[in-house]
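The structure appears right after this line, and notes come after that.
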Amino acid sequence: MSFTSTVKNEISSSITNETNHVSELSALVKTIGTIKDHALLLTTENVSVANHLYQLLKEVYDIYARITVRNGYNFNKNYIYMLEINQRVSFLLND
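Note that my numbering has the sequence shown beginning at 7, numbered continuously upward.
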């Protein structure tokens, strides 16, 4: 396991307060988020980050994301986890 994966897993399992949750979501949306067809799409290869994102969205904003799992590019063995948010995207982005 790479150092980056270890750090992501550690951050995903840490317990923080709501202010830190909003900061984490802000950083993750900025780095791995894209806007496509009036929806916010968050893409990661790390399953713990995908689960953590889902939990943060549910706890802080009461938003349920649709999760899609795909095979990696170039027939790589890794999976790509995509969280799609269609509801209240403007509210989330403004916050």
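We put the beta carbon where it would ideally sit given N, CA and C, even for glycine.
Source: prediction; values computed, not measured.
request  = Could you check what DSSP says for Tyr79 in three-state terms: helix, strand or coil?
outcome  = Indexing the sequence shown from 1 puts residue 79 at position 73. DSSP, reduced to helix, strand and coil, places Tyr79 within a helical segment of the structure shown.
request  = Would you be able to state if there are at least three C-beta pairs under 8 Å between the region 57–76 and the region 26–46?
outcome  = In the pairwise beta carbon analysis, the region 26–46 is classified as touching the region 57–76: at least three pairs are separated by under 8 Å.
ask   = By the 10 Å Cβ neighbour count, where 16 or more other Cβ atoms means buried, how is Ile69 classified, buried or exposed?
value = In the sequence shown, counting from the first residue as 1, residue 69 sits at position 63. It is buried - the Cβ of Ile69 has at least 16 other Cβ atoms within 10 Å.
task = Could you check what DSSP says for Thr22 in three-state terms: helix, strand or coil?
result = As a position in the sequence shown, residue 22 is number 16, starting the count at 1. Three-state DSSP puts Thr22 in coil, outside helix and strand.
message = Please list the terminal residues of the continuous alpha helix (DSSP H) segment that includes Ala45.
response = In the sequence shown, the residue the question calls residue 45 occupies position 39. From DSSP, Ala45 is part of no alpha helix (DSSP H) but of the beta strand (DSSP E) over 45–50.
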